[in-house]
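Taken in sequence, the protein lines are chains Y and H.
All residue numbers for the first sequence refer to the numbering used here, where the first residue is 655 and numbers rise by one.
All residue numbers for the second sequence refer to the numbering used here, where the first residue is 655 and numbers rise by one.
Where is the CB? At the ideal position from N, CA and C, for every residue including glycine.
A quick write-up on the structure given underneath.
2 protein chains.
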Amino acid sequence: MAATGDARSLAGLVGPGIRRRLLGAGVAVVALALAGTGCVQREDPAGASQAASNSGAAGAPAANQAPADPLPSWNAGASKDAIVAFVEAVTAENSASHVPPAERIAVFDNDGTLWSEQPMYFQLAFALDRVRALAPQHPEWATQQPFQGVLENDLPGVLAGGEQALVQLVMATHAGMTTDEFAAIVTDWIETARHPQRGLLYTEMVFQPMLELLDYLRANGFKTFIVSGGGIEFMRPWAERVYGIPPEQVVGSSIKTSFEMRDGVPVLVRAPGIDFIDDKAGKPVGIHQHIGRRPIAAFGNSDGDLQMLQWTTAGDGERFGLIVHHTDAEREWAYDRESSIGRLDEALDEAATRGWTVVDMARDWRAVYPDAVR
Amino acid sequence: MAATGDARSLAGLVGPGIRRRLLGAGVAVVALALAGTGCVQREDPAGASQAASNSGAAGAPAANQAPADPLPSWNAGASKDAIVAFVEAVTAENSASHVPPAERIAVFDNDGTLWSEQPMYFQLAFALDRVRALAPQHPEWATQQPFQGVLENDLPGVLAGGEQALVQLVMATHAGMTTDEFAAIVTDWIETARHPQRGLLYTEMVFQPMLELLDYLRANGFKTFIVSGGGIEFMRPWAERVYGIPPEQVVGSSIKTSFEMRDGVPVLVRAPGIDFIDDKAGKPVGIHQHIGRRPIAAFGNSDGDLQMLQWTTAGDGERFGLIVHHTDAEREWAYDRESSIGRLDEALDEAATRGWTVVDMARDWRAVYPDAVR
């Protein structure tokens, strides 16, 4: 194992190659592929200090660049050039490539595209933290898998239960409350929980270059959407503050929700059942359902984004597809074809034939994380 | 029967009180409640000329009003006052009632709230027209119910098949094509089909006062959404042109959609299965799924909007609920508690206890329809 400095974390207990897909309610498609796979190379064990160093670097470029550069954390090169060329093409007035503002729809995957996703999807860390937090109300969990495994940091014990165990974890943590209650739980967690290796708040592990890209697109009349395999209600409570993306522009996986009157007060209750899985071939469907028109630009990082990239870039006129390739084991993580989290294999091959821009994180990004607490 | 000048229309064939719910794919909740119920009172048989007269009236007020009036087609009175007071309250800076622009979400039912819905939901007229248009490709329909009944204008024959027959009609007309193909079909229809009694394009039967209300809210920082029991893909192709509401702000009932690669070209295919029914208790669920935060204003006209109004107005702070009461048999239609289309009964009672504004169409609206071809 090349990874993780925190042996106490569940992540540290997982051996190479372990992979499970979490097809449970709410999280829906959260692949439970934890740390220590071969994909994590040369990770800095001093994660937190490294991140702090990144942060310093991230803050600096804005001052060093010409004021006119809207993408100061992007190094000069083909990726940056391609982004700017696309935006200039669709915004150029009286041009054949011009796209009306209403049609300037850009969709972004979240995990691995807007923020990190190692050593496990952050929403899974949330689910595990919720099991721990709820344990006092569930004494039976002490001897009941998969909860016992979570509470004892025995992930092999959890995983022995297979997908069903993971569904149980998600149902126990993501369903059974009102939507308002769940939003409050997520908000509390996201404001306090820290990454076990980096020591950062999860919202400090968003990608500074992508924040600049979001701003740049919006400044050019684009409407930016998240289209994620993660839970839609896990992202909405903080996406506006962190990404500038309002709840109505977040698309994700969902569990069943029902309307009830409780003592004359209407509530929406989250039920333990899958409603929609917004991953792979589900992404174009989710885009269509929520947005109702084809985006002209799509940004992803894994094979889970393949169909979204295909659907977006197959439209008429100027189109833009971009893949964030995690090549930076020093500042973030390096992984692609063999990774159990954020596997990038088929989409990487197709990028060449379809003309998608592949960002080399180590080469193209001057900084990875922002310096300010967001 | 008091209604309809066009005896050839299917609508004219329906006796009083006939009602069926159409729980089919795509249309989902389109109640097949056709003309001639007791609710249609004193309807002008010269529908088209009456509508033209309405149109003339609709065009005039703007010039007769003070330029500052954003709602020229609304007569002075309690309804107009309530709307203006609400908007001024939430937009007043440094006020306890102030609502940030991002939270100024307003949701509008479509059928009966933004446009007419008699003698049948316009989407059902679309379905019947599609059966007629597709008949040459389906010679078997000549002797196969429910299609035979549609083709022979024998609606009792259609209705003899019950809900299953109506589901068949919708599946045959709303599924089995790509999303792009369906959008083109809807666009062609909406640009040419005319109301059997009024002779107007359906998009000429939108309510001028509601168009002004949409504009007024948007001018005050509101984001306006449609939340309709009708098919989401039936509304999106024209909602932006007619209402100024873009596709991503349309919420409605939907059928299953799947992603496919056809000869290397990605398509989304409409399948014959219900995905979501955006009516009654489904409306708050649809709002939550698409918008992700509770609206502060909701506008409806029937019991199908009850839960949307409850959910919206039960939130904290300033809230606004409004019901369009169809009281105008001269210029539009008059119906409420006994109507099989757009029944307004429970919600009308609850309006009094919850403080919702009830618009008396005959009294409150200076004009009903706009004068310009939209």
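- Under the 10 Å beta carbon count, Val919/H is surrounded by fewer than 16 other beta carbons and is classified as exposed.
- Rounded to the nearest angstrom, the gap between the Cα atoms of Thr841/Y and Val860/Y is 16 Å.
- DSSP, read as helix, strand or coil, puts Lys877/Y in strand.
- For Ile844/Y, the enclosing alpha helix (DSSP H) stretches over residues Thr833 to Thr846.
- Of all residues in the segment 922-947 of chain H, those with a C-beta nearer than 7 Å to a C-beta of chain Y are Leu922, Ala935, Pro938, Val939, His942, Gln943, His944, Ile945, Gly946 and Arg947, reading in chain order.
- Contact between the segment 928-938 of chain H and the segment 881-895 of chain H is present: 3 or more CB-CB pairs across the two stretches fall below 8 Å.
- Shown here, Val1022/H sits in coil according to DSSP, grouped into three states, outside any helix or strand.
- With its beta carbon less than 7 Å from one in chain H, Thr833/Y belongs to the interface.
- DSSP places Thr767/Y in the coil class of the three-state scheme, outside both helix and strand.
- For the segment 941-983 of chain H, the full-length beta strand (DSSP E) segments reaching 3 residues or more read 951-954 and 974-979 along the chain.
- Looking at the backbone, the Cα of Thr1007/H and that of Glu972/H are separated by about 16 Å.
- Shown in chain order are the members of the segment 963-974 of chain H whose Cβ falls below 8 Å from a Cβ of chain Y: Gln964, Trp965 and Ala968.
- Taking a C-beta distance under 7 Å as the contact criterion, Lys937/H and Gln903/H do not qualify as a contact pair.
- The alpha-carbon separation between Glu858/H and Glu984/H amounts to approximately 17 Å.
- By the CB criterion at 7 Å, Gly815/Y and Pro800/Y fall inside the cutoff.
- Here the alpha carbon of Asp763/Y sits roughly 47 Å from the alpha carbon of Asp1014/H.
- Contact check for Val753/Y and Val744/Y: beta-carbon distance about 4 Å, within the 8 Å limit, so the pair qualifies.
- Residue contact check for Phe876/H against chain Y: no CB pair falls below 7 Å.
- Counting C-beta pairs closer than 8 Å gives fewer than three between the segment 906-925 of chain Y and the segment 862-879 of chain H, which falls short of the contact rule.
- For the pair Val978/Y and Thr767/Y, the CB atoms are nearer than the 7 Å cut-off.
- In the structure shown, Ala743/H adopts helical secondary structure according to DSSP, grouped into three states.
- Per the coordinates, the alpha-carbon of Ala789/Y lies some 10 Å from the alpha-carbon of Val804/Y.
- Beta-bridge pairing by DSSP links Ser912/Y to Val923/Y.
- For the set Gln791/Y, Leu867/Y and Met774/Y, the Cα lying nearest the Cα of Asp723/Y is the one of Leu867/Y.
- The alpha-carbon of Ala787/H is positioned some 19 Å away from that of Met774/H.
- Residue pairing by DSSP puts Trp728/Y in a beta bridge opposite Trp1019/Y.
- By the Cβ neighbour-count rule, Asp957/Y is buried, with 16 or more other Cβ atoms within 10 Å of its own.
- Close partners of Glu902/H in chain Y (Cβ separation under 9 Å): Ile759, Lys877, Phe879, Glu902, Gln903, His944, Ile945, Gly946 and Arg947.
- The DSSP-derived three-state label of Ser749/Y is coil.
- Counting every other CB atom within 10 Å of its CB across the protein chains shown gives Gly731/H a total below 16, marking it as exposed.
- Of all alpha-carbon atoms in Arg872/Y, Asp970/Y, Thr797/Y and Leu854/Y, the one lying nearest the alpha-carbon of Phe776/Y is that of Leu854/Y.
- Taking the beta carbon of Ala756/Y as reference, the chain H residues within 8 Å of it are Glu894 and Pro900, listed in sequence order.
- The beta-carbon separation of Trp1019/Y and Asn729/Y, rounded to 7 Å, stays under the 8 Å limit for a contact.
- A Cβ-Cβ separation of about 11 Å leaves Val821/Y out of contact with Ala781/Y under the 8 Å criterion.
- When only Cα atoms are considered, Arg948/H and Asn807/H end up about 44 Å apart.
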